[in-house]
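Student: Quick one: the structure is below, questions incoming.
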Amino acid sequence: MKRLWKTIIVSALVLLTVFAVSGCGTTDENADTGGTTTLTFRIWDTAQKDGMEKIAQAYMEKNPNIKIEVQVTSWDEYWTKLEAGVTSGTAPDIFWMHPNEILEYADAGILADCSSIVDESHYSDNSINLASGSDGTLYGVPKDKDTVGLVYNKELFDAAGVSYPNADWTWDDLTAASEKIYDTTGKYGFMAYADEQLGYWNFVYQAGGYIVDTEAQKAGFEDEATKEALEFYINLQKNDWCPDQNYFAQTSPGDTFFSGNGAMFLEGDWNILSECENNPEMNGKWDVAVLPKCPNPVRGDGRASVSNGLCNATTADGKHKEEAMDFLEFLGSEEAQRIQGESGAAIPAYIGLEQTWVDVFKEKNYDIDVENFIEMFDYAVTSPIDKSRPSWKTAVNAQLLKIYSGSQTYEEGLQNMQDLVDQAMVGY
Amino acid sequence: MNSEAKWGYGLVAPTIIGLLILNIWPFIQTLILSFTNAKKFGSYDFVGLTNYVRMFQSTEFWQATWNSIYFCILTVPVGIILALLLAVFLNSKIKGKVVFRAIYFLPMVVAPVAVAMVWKWMFNSNYGIINDVLGLHIDWLTNPHLAIVSCAVVSIWSSVGYDAVLLLSGLQNVPKTLYEAADLDGATKIQQFFHVTLPMVSPTLFMVIIMRLMSSLKVYDIMYMMISESNPALLDTQSLMYLFYRESFVIGSKGYGSAIVVWTVVLIGIVTALQFWGQKKWVNYDV
Amino acid sequence: MNTNEISAEKTAPKLHSVKKSRNSGKIIIYILLGLGAVLMIFPFLWMLLTSFKTNAQAMQVPPTFFPTQWNFDSYAKALESLPFGNLYLNTGLMIVFRVLTTAAFCSMAGFAFAKLKFKGRNLLFSLILIQMMLPSQIFIIPQFQMLASLGLTNTIFALVFPGIVSAFGTFFLRQTYMGIPDELIEAAYLDGANTWQVFTKICFPLTKTALAAISIFTAVFAYTDLMWPLIANTDLNMMTLTSGLSTLNGQFTTNYPVLMAGSLLSMLPMVALYLVFQKQFIEGIAATGGK
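Have a look at this one:
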């Protein structure tokens, strides 16, 4: 009997020791020690951490009783963690919010209303839309904005004797150059990856089509312009100079490009800086141009570039809501937006500060024409996000892949995609 | 209650309580969730058997079930045989055991992220070293028939050292006297293996087989890292747990995903029950 | 000549041929082990060589084996990007605690399930089996919520928490204890030992090899656990090696040489740990000839 108790006590002691000794590693996230409030600021891009910390630094100098900790959680776990945090009351104080998710969060009442702390005159309609909920209220402070450009390898163009892409380029120039480059150098031309934002969405909008119409509650896959654009894009794969989707499932266009095996691909501005840093030997050998326009658009002038934008948000019932809202307001100020641009992290959403981002490349001696990204804001198209999208995104992609592999015709595929999305949208 | 029973309960208490709290309770939560239309942020509506009906009518689901079973067939027999051979070799009188053991142990201590990255790169049909050396262009990762085999190769590579360590501990409990007796009787090494080693190590072997079967049926990591969403071979490769991950976390249907988990557990239960029933035929507990 | 010498002559040729086949048997073993070792090691060689290449060269086609220029920056970059000191410490503490608790609790439960009779024993043991059948993904969110409600996220305890008990360890040790002859135990009881003494003095010492195996298993499982530390802890300084490493995977671009360098750096302590462990238990017991 005594021995039994001894076992229980020993077990309890072991547990207790584990508990106690490891408890010493606690960092109480929201410790209020002697008047200092600590706020956690969670982001997913490790390349932008420095930029965010500089902004936090500037804020902390003005507000010595606040301490801000920037935490990076990688994209794969970010949303699982955020949701788990929200449901258990341990969400970070300030966090990045993405248009893919904002509607769900905002409509469930999770996010705090930010209308009073943002001066909308400093932001484009695009930025405001991407930071709003379905009810049109602003639930985040716009952080950045982006466009998609055409990245190209100057050396391959030189070797093939093709002149570099310029503002007059159309889809036909794209294919012609690809052919010539492939014929002379044996390397791939334009790498048409079946991605949405960095792929076919741009072509669809350039032709005058659309992906989803939230108000009409339907998809745009039956639209004539959309169909034409998709047919063009999918058929690019039939050329020798374009890798097939089997290829892309294993090797990204970026990796192919930076190992010198492909001449062109679509890239977002948010990756350019780290690509410059990771590939110093290519400095001066590559550049970026505005997207080629559609030669015969069904509607519009043939120009479009999909533009997305993140925002910063906080929860509606956070422990330190007041302080978080104050920091959020600062994040939307000219000063913070300027710091963001100067760190090269991303293009500030704040109108007028785009040049700060461009200047970073000049300062670091990266010979690349990033102004072209800025130029495309003139005809940027808001990223077609809808609340129902997570539920049909994978199914639509699966249909697309079927078209690519030839297991269904593109008419069948587009019809399926249309039906899938329409049904899903009704459900929401 | 006599003293033996009291000790029994007392000694198992920490483990049982721990398992109930850490593992059984979450499973019950999953079970409940499978009967709901779970929405984000913890809210849900009860929908009865809807998820299960949908599941049993889905070709993707049945394909995933077959994929998981096929994956087991690919990995368990080969993996166990290799591990057993390895354990026997490492237990024999050869030089350099320490070095060999360290080498075979390496896959156990490298981060899964790195493993997947390296193997994915080696299997790359355009740039990978395997195709380069063979001089062929085989679509290891995108061919619907091959992709699952490639995953199986990585799985066996990662776990053979692991299983061998466990089997080794079983082997080392075999008394040397038995081997000496067999030697004197004129038995060859191979005969000794089948008549001395195998029966003596069967309890450990049984347990390693069970463990390997369970892991293979639950496989997810390897496939997640090697076969991406846009891979044409996805449907012919994805295991039940990969399907669960996609349904619950990518598409957002947590209720449906939970049903898939419940089914997976039932499947594993059936396979395990069969194993336990079969053990009476070949596992030898006498010392 | 006495009979012994005659028989010695007679047996001499037989011994010689037996020895020969033993040697050829050994050679086969060496060859097979060697081939297997090459297969095991090749990916690591690849990782090592890649860590010394530039990012562009790491992805070249046709793939180059050796870097044309030996670039040591990746290690510096990896060391900069991750707080390796903290990562080693956290991983180490997590492993040590988990190993201690599982060794203790699994031994206790394994012994009880194998050698003690009590009502409901089989039912309770089936709980162990059920746990082994459950996929670990379903544990993450509920365990996180438990920790959050205790306010213990972002701690070492959080890292240890899911691994305090082990169903597999219990199962494995039960198998081991079942292999201990009942006669030994009966003899101990006859000598006047009580249950606790039978456990600690007689049975427990006989499970050293199994304990070593379970400890290695627990350590490896803890070390390679990716998802849990990422969800439970928010501060990079409270991560483990494996989860910290995954943060090097940028959202869109990954620097392969840096990732490889980071992976190799994070492997070193585990390899060292194993070599120490291995010498203590497995080598030691093999030398004394097992049981």
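Protein chains in written order, with my numbering: chain A, 11 to 438; chain B, 735 to 1021; chain C, 662 to 952. Just so you know, even glycine gets a beta-carbon here, dropped at the ideal spot from N, CA and C.
Is residue 921(B) helix, strand or coil by DSSP?
Tutor: coil
Student: Output the boundary residues of the alpha helix (DSSP H) element that contains residue 372(A).
Tutor: 364-373
Student: Is it true that the stretch 103-120 of chain A meets the stretch 141-153 of chain A, where meeting means three or more beta-carbon pairs spaced less than 8 angstroms apart?
Tutor: With the cut-off at 8 angstroms, the stretch 103-120 of chain A and the stretch 141-153 of chain A touch.
Student: Check residue 52(A) in the structure and name its three-state DSSP category.
Tutor: strand
Student: Whole angstroms is fine: what's the gap from residue 165(A)'s alpha carbon to residue 159(A)'s?
Tutor: 19 angstroms
Student: Quick one: grab the DSSP three-state call for residue 913(B).
Tutor: helix
Student: Give me the residue from 941(B), 1008(B), 911(B) and 906(B) with the minimum Cα distance to residue 821(B).
Tutor: 906(B)
Student: Within the 9 angstroms Cβ cut-off, does residue 800(C) reach chain A?
Tutor: no
Student: Taking 9 angstroms as the cut-off, decide whether the C-beta atoms of residue 713(C) and residue 863(B) are in contact.
Tutor: no
Student: Name the residues in the stretch 809-843 of chain C whose C-beta lies less than 7 angstroms from a C-beta of chain B; which are they?
Tutor: 823, 825, 826, 828, 829, 831, 832, 833, 836, 839, 840 and 842
Student: Which residues of chain B have a Cβ atom closer than 7 angstroms to the Cβ of residue 691(C), listed in chain order?
Tutor: 828
Student: Have a look at residue 785(C) and residue 281(A) and give me their C-alpha separation to the nearest angstrom.
Tutor: Those two C-alpha atoms are separated by around 54 angstroms.
Student: Since I believe residue 357(A) is in contact with residue 367(A) (beta carbons under 8 angstroms), could you give me their beta-carbon distance rounded to a whole number of angstroms?
Tutor: About 5 angstroms; that satisfies the 8 angstroms criterion.
Student: Less than 8 angstroms separating the Cβ of residue 868(C) from some heavy atom of the ligand MG?
Tutor: Here there are no bound small molecules, and the ligand MG is not part of this structure.
Student: What residues from the stretch 751-771 of chain B come within 7 angstroms of chain C, judged by C-beta to C-beta, listed N to C?
Tutor: 752, 753, 756, 757, 758, 759, 760, 761, 763 and 764
Student: Going by other Cβ atoms of all chains shown within 10 Å of its Cβ, with 16 needed for buried, is residue 970(B) buried or exposed?
Tutor: buried
Student: Are the CB atoms of residue 976(B) and residue 957(B) nearer to each other than 9 angstroms?
Tutor: Yes, the pair counts as a contact, with Cβ atoms nearer than the cut-off.
Student: Can you tell me where the alpha helix (DSSP H) with residue 887(B) in it begins and where it stops?
Tutor: 881-905
Student: Using a Cβ cut-off of 9 angstroms (strictly closer), state whether residue 701(C) contacts chain A.
Tutor: Not flagged as an interface residue toward chain A: residue 701(C), since no C-beta distance is shorter than 9 angstroms.
Student: I want to see whether chain A comes within less than 9 angstroms of residue 852(C), judged by CB atoms only; does it?
Tutor: Closer than 9 angstroms: no.
Student: Checking contacts by CB at 9 angstroms: is residue 913(C) closer than that to chain A?
Tutor: At residue 913(C) the pLDDT is 49, less than 50, meaning the model places this residue with poor confidence; the figure from the coordinates comes in the next sentence. It does; some Cβ of chain A falls within 9 angstroms.
Student: Could you work out which residues of chain C lie near residue 852(B), taking near to mean beta carbons separated by less than 7 angstroms?
Tutor: 704, 707 and 708
Student: Report all residues from its chain with a CB closer than 8 angstroms to the CB of residue 890(B); omit the five preceding and five following residues, and keep chain order.
Tutor: 809, 812, 813 and 816
Student: Which residues does DSSP list as the beta-bridge partners of residue 278(A)?
Tutor: 158(A)
Student: Can you check DSSP and say which residues form a bridge with residue 297(A)?
Tutor: Assignment of beta-bridge partners to residue 297(A) by DSSP yields 162(A).
Student: Closer than 9 angstroms between beta carbons: that is the criterion. Which residues of the stretch 711-725 of chain C meet it against chain A?
Tutor: 715, 716, 717, 718, 719, 720, 721 and 722
Student: So, is residue 67(A) buried or exposed, given that buried needs 16 or more other C-beta atoms within 10 angstroms?
Tutor: exposed
Student: For residue 850(C), count neighbouring Cβ atoms within 10 angstroms of its own Cβ and tell me buried if that reaches 16, exposed if not.
Tutor: The residue is exposed, with fewer than 16 neighbouring Cβ atoms inside 10 Å.
Student: Residue 39(A) to residue 897(C), Cα distance in whole Å?
Tutor: Residue placement at residue 39(A) cannot be trusted, given a pLDDT of 43 that sits under 50; what the coordinates show is reported in the next sentence. Here the alpha carbons of residue 897(C) and residue 39(A) stand approximately 13 angstroms from one another.
Student: Residues in the same chain with beta-carbon distance under 6 angstroms from residue 46(A), minus the five sequence neighbours each way, listed in chain order, please.
Tutor: 75 and 77
Student: With residue 229(A) and residue 431(A) assumed to form a contact (beta carbons below 8 angstroms), what rounded beta-carbon distance in angstroms separates them?
Tutor: 4 angstroms
Student: Is the stretch 924-937 of chain C touching the stretch 834-850 of chain B, taking contact as three or more C-beta pairs under 8 angstroms?
Tutor: They touch, by the three-pair rule.
Student: Residues of chain B with CB under 8 angstroms from residue 796(C), in chain order?
Tutor: 952, 954, 975, 978, 995, 998 and 999
Student: Taking the Cβ atom as the reference point for each residue, do residue 706(B) and residue 967(B) lie within a distance shorter than 9 angstroms?
Tutor: Lying outside 735 to 1021, the shown extent of chain B, residue 706(B) is not represented and no answer is given.
Student: Residue 131(A) and residue 148(A) look like a contact to me (Cβ under 8 angstroms); what is the Cβ gap, rounded to whole Å?
Tutor: Residue 131(A) to residue 148(A), Cβ: 13 angstroms. No contact.
Student: Which of the three DSSP states, helix, strand or coil, is assigned to residue 434(A)?
Tutor: helix
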